[in-house]
Amino acid sequence: MKRRSSFSRTLGRVLTYALAILIALWILVPIYLIGVSAFGEKLSAYTYPRPFWPAPFTIETMAFFLKSGGVIKSVQSSVIVALITLVLSTLIGAPAGYAIARFIFSGRDAFRLIVVSTRSFPIVILSIPLAVFFIEWGMYDSVYSLALMHTALALPFTILVTSSVFASIPRDLEEAAQTLGCSQFQAFLRISLPLALPGLAAATLFTFVLSWNEVFAAVILTVRNRTLPALVLTVLDESQLPYRFAGGFFMMVPSLIFMLFIRRYLLNLWGRVTK
Amino acid sequence: MAEIKIINVQKQFGKVLANRDINLTIHDREFMVLLGPSGCGKTTLLRGIAGLDPIDSGSIYIGDTDVTDLPPRKRRIAMVFQSYAVFPHLTIFENIAFGLRMQRVANQDVKKRVEAAAELLQITDLLKRFPAQVSGGQRQRVAVARALAAESEVLLMDEPLSNLDALLRLEMRAELKRLLKEVKSTVVYVTHDQIEALSLGDRIAVMKNGSILQCDTPLRVYDHPANEFIGSFIGNPPMNFLRGTVQMDGSRVNVQAGGASIQPPSSMESILKQKISSGVRLGIRAENIEVVSKAQKDAMTGKVLVVEPLGSHNLLTVMVGDQRVKVNAHADSLFQPGQAIWLRSASEKIRWLDVESGMALAE
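Protein sequences appear in the order of chains A and B.
All residue numbers for the first sequence refer to numbering that gives the first Met the number 0, where the first residue is 0 and numbers rise by one.
All residue numbers for the second sequence refer to numbering that gives the first Met the number 0, where the first residue is 0 and numbers rise by one.
Written out as structure tokens, the structure is:
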């Protein structure tokens, strides 16, 4: 009886790991293949089976991709859009998140619901009328108007994450600060904000990645000031396979690095507590 | 001077009246304990004094200042929270220094006062650590040190010992008492633990359902509970309550209870005379009951139900008629369940209460 249960426990664990490895491979293998092709010789992109290691290793393809028309400029655009999005959504979203976490006001639940429901509109449906407005207002094809759009897309996430970050900081701490001579605002600045900072940083990083990767709105709302994903999507469609891999790899790296940083907070967000 | 005057304070949460028309004056440097079961409004009252939850009506004075509409930082208070509320991102030193930094005290004075407070609570060697690196009991000390370092005129404590384990609580209780004797603050201390209240307080305000039922010295509250609730809430075991009938024996008043004929003190006679028709309730503490081995005129007849040896004494549960009575008997007494015994109590140790209201009859 005891042996059987320990056997089934082992089996269960093996299956869990097998499934986890399978899922990991599902994501990692394409990333790896992109990397191999991006740093391999041009011709290796067409060989089959793919070489397991980019031999000979070369950055020629990457360099060619980076030097090709408009890539550097679109990277600049992407960074500007992402930074504006990050700043705006933090400035607007963090106070909203704080309010949801700390204050009980009528309509709080409704507000939370509305915030989430904005994400249920497909971006394409939002983008086209928005493009029309932007054209009317003379804001079309600008990194700033695209940043506004991305801010709108990022806000629900920012608000919900920051509210969960602030909710995890006991109210007692702010109250204690108030009894020790702080105003409500000072208590926030000296106690809650420093404690929330790691979580807030995670939220802003995620916003950055979200903007960096966003392609639908970018394609519709920009023409000459393309962001990198929009450029990759439109231009590389007509280019050779190795350059597509190079473009894909270049797009992917920042997201991967950011994910590494904020992994802990994302897990927290899904309800798992990590210490 | 930091006398606290609470005048007609009222506070409502939704439909619940947490504080109903509370009036209480806490003297300068007094140690006042707010005692009551959970939900009685004691913490609400404390937070009202602190200014963390604004009160609905009434006013609060600290010293000569009307603080009713002042924010906590302008009330010259310090508070120890039940959860300690130690700031996790600051070292123990900076935690204790926090209030002083806010008052812009000069650096060397901050150091001096933090070290003095740490010394008092014996946490000097922890000053460089972060709260996560010390134990719960030590964090509790940090919270107290932080409140003391502020040297405010009023010290508010919200169940500061309730998160400690039993042994640590006992130790910290005595230490708090020693500490707070040295501090010149007026202390308001909230607890639901009657022993804590008895051991620490200069006075105890017993609360229930948002009202203060009795406010008096620990001994008075223990010996002369204002009503049945207080008698059974304070003391372990709770006070015994027995039915009695009042009779006239010639010109003297006589009370019959549990088969005993008790002669009340002469000071009670005129009040008890009015209770001839309604009867009276007798409140007797377990330690004020003497077990006698044979029948006496003024002894109640009982039968031992349970014997619990508690080391220092034996706790007996005795059936007197259909009423249970707790009695403290000597540790070396040899009683058996089922044994018939007789219980005597000196009549001046008996409290007399109204049958209907449960209120103590005034002497």
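Beta carbons are placed, not taken as given, at the ideal position from N, Cα and C, and that holds for glycine.
For a contact meaning CB atoms closer than 7 Å, what does His88 of chain B contact in chain A? Pro193, Leu194
Inter-residue spacing [alpha-carbon to alpha-carbon] between Arg271 of chain A and Arg74 of chain B: Only weak support is given to the placement of Arg271 of chain A: the predicted model assigns it a pLDDT of 41, under 50, and the value that follows is read from those uncertain coordinates. Cα-Cα distance, rounded: 41 Å.
DSSP three-state label for Ala77 of chain B, please. If DSSP states are grouped into helix, strand and coil, Ala77 of chain B belongs with the strands.
Could you tell me whether any non-hydrogen atom of the ligand SAM is closer than 8 Å to the CB of Leu126 of chain B? Within the structure as shown, the ligand SAM is missing, as the structure has no ligands at all.
Applying the 10 Å Cβ sphere with the 16-neighbour rule, what's the burial state of Ser356 of chain B? exposed
First through last residue of the beta strand (DSSP E) which encompasses Val164 of chain A: First-last for Val164 of chain A: 142–166, but that is the alpha helix (DSSP H), not the beta strand (DSSP E).
Minimum Cβ-Cβ distance from Arg145 of chain B to chain A less than 9 Å: yes
State the beta-bridge partners of Gly301 of chain B as determined by DSSP. Paired residue(s): B:Ile340.
In angstroms, rounded to a whole number, what distance separates the CA positions of Thr185 of chain B and Asn7 of chain B? 21 Å
Mind checking the segment 28–60 of chain B against chain A and listing, in chain order, the residues whose C-beta falls within less than 7 Å of any C-beta there? Ala49, Leu51
Quick one: Cα of Arg100 of chain B to Cα of Leu194 of chain A, how far? Roughly 19 Å between the two C-alpha positions.
Using CA coordinates, which residue listed in A:Thr60, A:Ser182, A:Leu259 is at the minimum distance from Ser238 of chain A? The candidate whose alpha carbon is nearest that of Ser238 of chain A is A:Thr60.
Please check if any C-beta of chain B sits within less than 9 Å of the C-beta of Ala166 of chain A. no
C-beta neighbour in chain A for Met78 of chain B, strict 9 Å: yes
Beta carbon of Gly98 of chain B nearer than 9 Å to that of Ala77 of chain B: yes
Report the neighbours of Pro169 of chain A on chain B: residues whose CB is nearer than 8 Å to its CB, in chain order. Ser82, Ala84
At what residues does the beta strand (DSSP E) containing Met101 of chain B begin and finish? Where Met101 of chain B is concerned, there is no enclosing beta strand (DSSP E), although the alpha helix (DSSP H) it sits in stretches over 91–101.
Do Pro130 of chain B and Val79 of chain B have their C-beta atoms within less than 9 Å of each other? no
Which bits of chain A does Gly98 of chain B rub up against, with CB to CB less than 7 Å? Leu179, Gly180
On the DSSP bridge assignment, give the partners of Met31 of chain B in chain order. When beta bridges are read from the DSSP output, Met31 of chain B appears opposite B:Val187, B:Arg202.
Where does Gly282 of chain B sit, in a helix, a strand or coil, going by DSSP? strand
At 8 Å on the CB atoms, spell out the chain A contacts of Pro70 of chain B, in chain order. Gln177, Ser182, Gln183
For chain E, find out if any of its Cβ atoms is closer than 9 Å to the Cβ of Leu155 of chain B; answer yes or no. The chain inventory of the structure shown lacks chain E, comprising the protein chains A and B.
Which same chain residues, not among the five before or five after Met31 of chain B, have their C-beta less than 6 Å away from its C-beta? Ile25, Val187, Arg202
Considering only their Cβ atoms, is the gap separating Ile283 of chain B from Arg350 of chain B smaller than 9 Å? yes
Every unbroken beta strand (DSSP E) inside the segment 49–73 of chain B [3 residues or more]: 56–61
Pro55 of chain A classed as buried or exposed, judged by whether at least 16 other C-beta atoms fall within 10 angstroms: Per the 10 Å Cβ criterion, exposed.
Check whether Val113 of chain B and Ala146 of chain B have beta carbons under 9 Å apart: Not in contact: Val113 of chain B and Ala146 of chain B (Cβ atoms no closer than 9 Å).
Within 10 Å of its beta-carbon, does Lys274 of chain A have 16 or more other beta-carbons around it, so buried, or fewer, so exposed? Because the pLDDT of Lys274 of chain A is 34, which lies under 50, any placement of that residue in the model is unreliable, and the question is left without a value.
With H, G and I counted as helix, E and B as strand and the rest as coil, what does DSSP make of Ile288 of chain B? coil
For Glu135 of chain A, would you say it is in contact with chain B, using Cβ-to-Cβ distances shorter than 9 Å as the test? no
Contact set between Ala149 of chain B and chain A, taken where Cβ atoms lie within less than 9 Å: Thr178, Leu179, Gly180
Could you give the residue range of the beta strand (DSSP E) that holds Phe240 of chain B? 239–248
Span separating the alpha-carbon of Val161 of chain B from that of Gln81 of chain B: According to the sequence provided, residue 161 of chain B is Ser. The question's Val does not apply to it. If I take the Cα positions, the gap works out to 7 Å.
Own chain partners of Trp211 of chain A with C-beta closer than 7 Å, once the 5 adjacent residues on each side are dropped: Within the same chain, Trp211 of chain A has close Cβ partners Ser77, Ala81, Pro253, Ser254.
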